[in-house]
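*Asks:* Chains as they are written, first to last, in the working numbering: chain D, 82 to 377; chain X, 2 to 355.
A virtual CB, placed ideally from N, CA and C, is assigned to each residue, including glycine.
Fair warning: this is a prediction, and the values are worked out from it, not measured in the lab.
Shown below is the structure under consideration.
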Amino acid sequence: MVELPLVVIDVQRGGPSTGLPTKTEQADLLQAMYGRNGESPVPIIAPLSPADCFDAAVEATRIALKYRTPVLLLSDGAIANGSEPWLIPDVDELPDLRVEFASEPNADNDSGEFWPYVRDPETLARAWAVPGTPGLQHRIGGLEKADKTGHISYDPDNHDKMVRLRQAKVDGIDVPDLVVDDPSGGKARVLALGWGSSFGPIGAACRRVRKLGLPIAQAHLRHLNPLPANLGDILRSYDKVVVPEMNLGQLALLLRAKYLVDVHSHTKVAGLPFKAEELQNLFSEIITGVTTEAAK
Amino acid sequence: MTAIDIGLPTIGGLDLVPTTDEPQKAKDYKSDQEVRWCPGCGDYVVLNAVQSFLPTLGLKRENIVFISGIGCSSRFPYYLNTYGMHSIHGRAPSIATGLATTRPDLSVWVVTGDGDALSIGGNHLIHALRRNVNIKILLFNNRIYGLTKGQYSPTSGQGMVTKSTPMGSVDTPFNPLSLAIGAEASFVGRALDSDRKGLTEVLQAAAQHRGSALVEIYQNCPIFNDGAFDVLKDADEAATRLIPLRAGEPIRFGPNQEFGVKRGDWGGLDVAKVADIGEDNLVVHDPSIADTSYAFALSRLGDQNLNHVPTGILRQVERPTYDDGARAQVEEARAARKPDLQGLLRGKDTWTVA
Numbered sequence: 082m083v084e085l086p087l088v089v090i091d092v093q094r095g096g097p098s099t100g101l102p103t104k105t106e107q108a109d110l111l112q113a114m115y116g117r118n119g120e121s122p123v124p125i126i127a128p129l130s131p132a133d134c135f136d137a138a139v140e141a142t143r144i145a146l147k148y149r150t151p152v153l154l155l156s157d158g159a160i161a162n163g164s165e166p167w168l169i170p171d172v173d174e175l176p177d178l179r180v181e182f183a184s185e186p187n188a189d190n191d192s193g194e195f196w197p198y199v200r201d202p203e204t205l206a207r208a209w210a211v212p213g214t215p216g217l218q219h220r221i222g223g224l225e226k227a228d229k230t231g232h233i234s235y236d237p238d239n240h241d242k243m244v245r246l247r248q249a250k251v252d253g254i255d256v257p258d259l260v261v262d263d264p265s266g267g268k269a270r271v272l273a274l275g276w277g278s279s280f281g282p283i284g285a286a287c288r289r290v291r292k293l294g295l296p297i298a299q300a301h302l303r304h305l306n307p308l309p310a311n312l313g314d315i316l317r318s319y320d321k322v323v324v325p326e327m328n329l330g331q332l333a334l335l336l337r338a339k340y341l342v343d344v345h346s347h348t349k350v351a352g353l354p355f356k357a358e359e360l361q362n363l364f365s366e367i368i369t370g371v372t373t374e375a376a377k
Numbered sequence: 002m003t004a005i006d007i008g009l010p011t012i013g014g015l016d017l018v019p020t021t022d023e024p025q026k027a028k029d030y031k032s033d034q035e036v037r038w039c040p041g042c043g044d045y046v047v048l049n050a051v052q053s054f055l056p057t058l059g060l061k062r063e064n065i066v067f068i069s070g071i072g073c074s075s076r077f078p079y080y081l082n083t084y085g086m087h088s089i090h091g092r093a094p095s096i097a098t099g100l101a102t103t104r105p106d107l108s109v110w111v112v113t114g115d116g117d118a119l120s121i122g123g124n125h126l127i128h129a130l131r132r133n134v135n136i137k138i139l140l141f142n143n144r145i146y147g148l149t150k151g152q153y154s155p156t157s158g159q160g161m162v163t164k165s166t167p168m169g170s171v172d173t174p175f176n177p178l179s180l181a182i183g184a185e186a187s188f189v190g191r192a193l194d195s196d197r198k199g200l201t202e203v204l205q206a207a208a209q210h211r212g213s214a215l216v217e218i219y220q221n222c223p224i225f226n227d228g229a230f231d232v233l234k235d236a237d238e239a240a241t242r243l244i245p246l247r248a249g250e251p252i253r254f255g256p257n258q259e260f261g262v263k264r265g266d267w268g269g270l271d272v273a274k275v276a277d278i279g280e281d282n283l284v285v286h287d288p289s290i291a292d293t294s295y296a297f298a299l300s301r302l303g304d305q306n307l308n309h310v311p312t313g314i315l316r317q318v319e320r321p322t323y324d325d326g327a328r329a330q331v332e333e334a335r336a337a338r339k340p341d342l343q344g345l346l347r348g349k350d351t352w353t354v355a
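Below, the structure written as structure tokens:
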């Protein structure tokens with residue numbers, strides 16, 4: 082619980098273990114979400130294309146620094162081995178990621194001490210003083226720390242509070258709202274929702290389906306933890322939400338648990354990306370089914 | 002493959018760390034945390050020795066960092082009023098490597114134990130030593146897993162009965178100093194928790210050494226392996242077992258200095274009676290010998306049963322450090338070409354779409 086910035090890049094490939102080197106998969110999502118001991122939430126960002134990797138990495142770093150937390154950047158083999166045109170960013174327009182380190186004692190009593198677990202009231206990020214700063218010597222580490230002071234603490238209520246504070250910090254990260262693409266102007270009753278490298282094939286399949294005269298909405302999650310604040314409302318506003326994933330339904334599991342929405346999970350773990358055609362057929366069937374159901 | 006001479010200057014271990022003229026006392030280095038080790042634990046003695054020794058370095062307190070892994074010994078940083086991190090099991094050398102490399106103005110110390118350093122952290126330990134990072138590693142060796150209440154460790158002797166070896170351990174223990182020397186450590190020393198003077202001398206030299214220093218501290222665990230080093234604390238026994246090493250002096254020991262160290266067969270070293278071999282044939286201790294064979298042979302003088310235990314500084318050689326080298330390369334690259342992020346992003350194979 083040192084609550085220090087760290088960006089972990091996981092380029093998912095076929096697993097488990099050494100699995101299928103060079104092949105792609107999206108099967109580390111639950112590991113990224115929960116694969117640690119204890120309640121230890123971390124933000125997760127997933128780039129949706131090769132060109133998006135730069136922005137996703139900047140965003141992961143921004144969150145890590147602003148909130149003093151490890152962040153998982155969840156890419157996959159299809160993105161890592163893929164390529165596409167990328168508009169080179171103007172460095173002057175990149176976000177300023179400089180951090181203000183603590184330089185003064187911050188105890189809320191008159192002790193004149195530095196307390197490493199005093200939190201920013203807005204972000205809940207803890208105070209960060211680096212070695213070499215006079216008078217702010219302190220100790221951090223894996224043992225549970227008392228709220229504010231950072232002393233070693235075995236107090237049950239304190240642990241409960243600190244676990245909830247760390248969860249609240251991650252839950253409160255400023256994540257942009259999810260944007261839905263629906264050229265039909267709201268006629269679509271089916272939403273195709275994906276994450277990661279499946280953005281390409283899902284988008285291609287949606288375009289094909291629309292050309293056939295079937296409306297479908299598409300949305301793609303870049304932020305997987307926390308999820309965008311408007312996601313629940315979006316999920317509930319469609320008759321059917323289809324979630325194609327290159328795993329056995331990990332995002333679908335999270336969505337069902339969190340939003341109680343019975344999403345349609347479509348899964349494939351062949352080490353290969355989805356093909357536009359297979360998703361086109363899937364989407365067409367689901368749209369037809371929804372339309373038939375509505376006509377009854 | 003190209004290899005180039007990276008010719009690096011060798012300087013002292015603390016030469017880049019800011020000093021203070023303000024007088025310091027041991028109590029300045031005590032934190033406000035209650036020290037929680039079992040009554041009688043050797044860790045208290047080591048903590049006191051370190052708290053008394055640190056003021057003698059004359060460094061700014063905020064420029065000292067203690068990093069530990071997991072285990073009894075690894076609670077150490079909480080009790081020192083410096084910057085500190087109780088980090089990941091076995092990984093303190095890696096975290097310390099990062100810190101020492103980015104921050105030459107810090108005196109970086111690692112506190113670890115025989116379990117933390119030699120079981121889960123064996124990999125990290127040997128590579129930190131090989132790289133010769135400017136960090137000082139204090140390895141508290143009590144030959145047992147204490148925090149988990151008494152299972153055998155990588156330094157527990159063969160046949161030792163513990164909770165996890167009810168019929169006696171079948172493992173061959175590590176000799177931590179042999180391991181460190183085999184990993185090309187540039188500074189290797191040993192001291193006893195109870196020998197405050199000897200411990201302080203080794204710590205002093207380690208602090209001043211530029212590069213990785215490994216100091217093995219024999220530390221008594223009064224609960225789960227009590228008396229493991231008692232033979233070295235009994236005055237009569239200690240006189241025949243401890244071999245104090247002093248640079249430039251013939252290696253002699255014994256109640257009447259009647260024993261010494263001579264060159265043995267097969268390139269090793271042996272213990273002999275001075276009367277049998279003659280004073281002229283005693284080995285004169287030189288920790289600065291670049292070849293690791295000599296220090297390795299010293300580390301092999303005794304067995305696990307503590308029949309002969311060299312103490313002091315076995316090896317202290319100058320060689321380029323990882324952190325100095327890495328920083329020099331960064332500076333060189335910066336001097337050769339102005340840092341240009343935009344240029345880096347643009348790369349060499351980009352084009353403009355009209």
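State the beta-bridge partners of Y219 (chain X) as determined by DSSP.
*Replies:* Mapped onto the second sequence, residue 219 (chain X) falls at position 218. According to DSSP, which records beta bridges pairwise, Y219 (chain X) is partnered with X:N142, X:L193.
*Asks:* By alpha-carbon positions, which one of X:S154, X:I314, X:A192 ends up nearest to P174 (chain X)?
*Replies:* As a working note, residue 174 (chain X) is residue 173 in the second sequence. Nearest option by C-alpha distance: X:S154.
*Asks:* If we ignore side chains and look at the alpha-carbon of each, how far apart do D133 (chain D) and W276 (chain D) end up?
*Replies:* Numbered from its first residue, the first sequence carries residue 133 (chain D) at position 52. Numbered from its first residue, the first sequence carries residue 276 (chain D) at position 195. D133 (chain D) and W276 (chain D): Cα-Cα distance of roughly 12 Å.
*Asks:* Taking 8 Å as the threshold (beta carbon to beta carbon), is T98 (chain X) in contact with chain A?
*Replies:* Although the question refers to chain A, the structure presented lacks it and instead comprises the protein chains D and X.
*Asks:* Using a Cβ-Cβ cut-off of less than 9 Å, list which residues of the region 142–166 of chain X approach chain D; keep chain order.
*Replies:* none
*Asks:* Roughly how far, in whole angstroms, is the beta-carbon of A269 (chain D) from the beta-carbon of I297 (chain D), given that I think they are within contact range, below 8 Å?
*Replies:* Position 188 of the first sequence, counting from 1, holds the residue named residue 269 (chain D). Position 216 of the first sequence, counting from 1, holds the residue named residue 297 (chain D). With 8 Å as the limit, A269 (chain D) and I297 (chain D) qualify as a contact, their Cβ atoms being about 5 Å apart.
*Asks:* Please report how far the alpha carbon of A210 (chain D) lies from the alpha carbon of G151 (chain X), in whole angstroms.
*Replies:* Along the first sequence, read from residue 1 onward, the residue named residue 210 (chain D) stands at position 129. Along the second sequence, read from residue 1 onward, the residue named residue 151 (chain X) stands at position 150. The straight-line gap from Cα to Cα measures roughly 37 Å.
*Asks:* Can you tell me which of D:V251, D:G116, D:R317, D:D255 puts its alpha carbon nearest to the alpha carbon of G272 (chain D)?
*Replies:* Residue 272 (chain D) sits at position 191 when you count from the first residue of the first sequence. Per the sequence shown, residue 272 (chain D) should be read as Leu rather than Gly. Ranking D:V251, D:G116, D:R317, D:D255 by Cα distance to L272 (chain D) puts D:R317 first.
*Asks:* 8 Å is my cut-off, CB to CB: does R62 (chain X) come that close to chain D?
*Replies:* The sequence position of residue 62 (chain X) within the second sequence is 61, counting from 1. Interface with chain D (8 Å Cβ-Cβ cutoff): R62 (chain X) is included.
*Asks:* Count the other CB atoms, across all protein chains shown, that sit within 10 Å of the CB of M1 (chain X); report buried if there are 16 or more and exposed otherwise.
*Replies:* Only positions 2 to 355 of chain X appear in the structure, and residue 1 (chain X) is not among them; the question remains open.
*Asks:* So which of X:R338, X:H210, X:N176 has the shortest CA-CA distance to V310 (chain X)?
*Replies:* Here the question's residue 310 (chain X) lines up with position 309 in the second sequence. That would be X:N176, whose Cα lies nearest to the Cα of V310 (chain X).
*Asks:* In whole angstroms, what separates the C-alpha of Q317 (chain X) from that of Y30 (chain X)?
*Replies:* Against the second sequence, residue 317 (chain X) aligns to sequence position 316. Against the second sequence, residue 30 (chain X) aligns to sequence position 29. Their backbone Cα atoms lie some 28 Å apart in a straight line.
*Asks:* Where does N190 (chain D) fall in DSSP's three states?
*Replies:* Your numbering for residue 190 (chain D) matches position 109 in the first sequence. Three-state DSSP puts N190 (chain D) in coil, outside helix and strand.
*Asks:* Over what stretch of residues does the alpha helix (DSSP H) that includes H128 (chain X) continue unbroken?
*Replies:* By 1-based counting over the second sequence, the position of residue 128 (chain X) is 127. Segment 123–132, the alpha helix (DSSP H) holding H128 (chain X).
*Asks:* For E326 (chain D), which residues of its own chain have a beta-carbon under 6 Å away from its beta-carbon, when the five flanking residues on both sides are left out?
*Replies:* For this step, residue 326 (chain D) is matched to residue 245 along the first sequence. Q107, L332, T348, listed in sequence order.
*Asks:* Rounded to a whole number of angstroms, what is the C-alpha to C-alpha distance between S195 (chain X) and K234 (chain X)?
*Replies:* Counted from its first residue, the second sequence places residue 195 (chain X) at position 194. Counted from its first residue, the second sequence places residue 234 (chain X) at position 233. Going by the C-alpha atoms only, they are around 8 Å apart.
*Asks:* Which of helix, strand or coil does DSSP assign to R289 (chain D)?
*Replies:* For the purposes of this step, residue 289 (chain D) is identified with residue 208 of the first sequence, where counting begins at 1. Of the three classes helix, strand and coil, the one that applies to R289 (chain D) here is helix, per DSSP.
*Asks:* When the cut-off is 8 Å and only beta carbons count, does L346 (chain X) lie next to chain D?
*Replies:* If you number the second sequence from 1, residue 346 (chain X) lands on position 345. Output row for L346 (chain X): interface = yes.
*Asks:* Would you say R92 (chain X) faces chain D, with C-beta separation under 8 Å as the test?
*Replies:* Working through the second sequence from its first residue, we reach residue 92 (chain X) at position 91. Chain D contact via Cβ: absent.
*Asks:* Within a Cβ cutoff of 8 Å, which residues of the same chain sit near N239 (chain D), ignoring the five residues on either side of it in sequence?
*Replies:* Taking the first residue of the first sequence as 1, we reach residue 239 (chain D) at position 158. Same-chain partners within the cutoff: E225, A227, D228.
*Asks:* Tell me, please, whether the CB atom of H219 (chain D) is closer than 8 Å to any CB atom in chain X?
*Replies:* Numbered from its first residue, the first sequence carries residue 219 (chain D) at position 138. With 8 Å as the cut-off, H219 (chain D) counts as an interface residue toward chain X.
*Asks:* If you scan the region 251–281 of chain X from start to end, which runs of the beta strand (DSSP E) of 3 or more residues do you find wholly inside it?
*Replies:* 260–264, 270–274
*Asks:* My guess is that L48 (chain X) and V36 (chain X) are in contact by the Cβ rule of under 8 Å, so how many angstroms apart are they, rounded?
*Replies:* Mapped onto the second sequence, residue 48 (chain X) falls at position 47. Mapped onto the second sequence, residue 36 (chain X) falls at position 35. The pair is a contact, with the Cβ atoms about 7 Å apart (cut-off 8 Å).
*Asks:* Determine the extent of the alpha helix (DSSP H) in which T241 (chain X) is found, giving its start and end residues.
*Replies:* Working through the second sequence from its first residue, we reach residue 241 (chain X) at position 240. Here the alpha helix (DSSP H) through T241 (chain X) covers 236–242.
*Asks:* Does any C-beta atom of chain X lie closer than 8 Å to the C-beta of L87 (chain D)?
*Replies:* For the purposes of this step, residue 87 (chain D) is identified with residue 6 of the first sequence, where counting begins at 1. Chain X, which has no Cβ nearer than 8 Å to the Cβ of L87 (chain D), makes this no.
*Asks:* Could you have a look at G157 (chain D) and say whether DSSP puts it in helix, strand or coil?
*Replies:* On the first sequence, position 76 is the one that residue 157 (chain D) refers to. One point to set straight first is that residue 157 (chain D) is Asp, not Gly, in the sequence displayed. The DSSP-derived three-state label of D157 (chain D) is strand.
*Asks:* Okay, do the region 300–316 of chain D and the region 334–349 of chain D touch, 3+ Cβ pairs below 8 Å being the bar?
*Replies:* Verdict: yes, contact present.
*Asks:* Rounded to the nearest angstrom, what separates G249 (chain X) and N257 (chain X) at their Cα positions?
*Replies:* For the purposes of this step, residue 249 (chain X) is taken as residue 248 along the second sequence, with counting starting at 1. For the purposes of this step, residue 257 (chain X) is taken as residue 256 along the second sequence, with counting starting at 1. Between G249 (chain X) and N257 (chain X), the C-alpha separation is close to 20 Å.
*Asks:* Output, in chain order, the set of chain D residues within a Cβ distance shorter than 8 Å of H87 (chain X).
*Replies:* Taking the second sequence and counting its residues from 1, the one referred to as residue 87 (chain X) is at position 86. Residues of chain D with a Cβ closer than 8 Å to the Cβ of H87 (chain X) are, in chain order, R220, I221, G222, G223, L224.
*Asks:* Would you mind giving the Cβ-Cβ distance between S120 (chain X) and S300 (chain X), rounded to the nearest angstrom? I have them listed as a contact below 8 Å.
*Replies:* Locating residue 120 (chain X) in the second sequence gives position 119, counting from the first residue. Locating residue 300 (chain X) in the second sequence gives position 299, counting from the first residue. The Cβ separation is near 20 Å, so there is no contact.
*Asks:* Would the region 123–143 of chain X count as touching the region 94–104 of chain X if we require 3 or more Cβ pairs under 8 Å?
*Replies:* yes
*Asks:* Can you tell me whether DSSP reads L329 (chain D) as helix, strand or coil?
*Replies:* Position 248 of the first sequence, counting from 1, holds the residue named residue 329 (chain D). In the structure shown, L329 (chain D) sits in coil (DSSP, three-state: anything other than H, G, I, E or B).
*Asks:* By the 7 Å beta-carbon criterion, what residues does the region 63–82 of chain X contribute toward chain D?
*Replies:* E63, N64, V66, P78, Y79, N82
*Asks:* Over what stretch of residues does the alpha helix (DSSP H) that includes F297 (chain X) continue unbroken?
*Replies:* Mapped onto the second sequence, residue 297 (chain X) falls at position 296. F297 (chain X) -> alpha helix (DSSP H) spans 293–300.
*Asks:* Using a Cβ-Cβ cutoff of less than 8 Å, which residues in the same chain neighbour A249 (chain D) once the five nearest sequence positions on both sides are dropped?
*Replies:* Residue 249 (chain D) sits at position 168 when you count from the first residue of the first sequence. Counting only Cβ-Cβ distances below 8 Å, and skipping sequence neighbours, we find L205.
*Asks:* Let's test the definition: count the other Cβ atoms within 10 Å of the Cβ of P167 (chain X) and tell me whether it reaches 16, buried, or not, exposed.
*Replies:* Stepping through the second sequence from its first residue, residue 167 (chain X) is reached at position 166. Label assigned to P167 (chain X): exposed.
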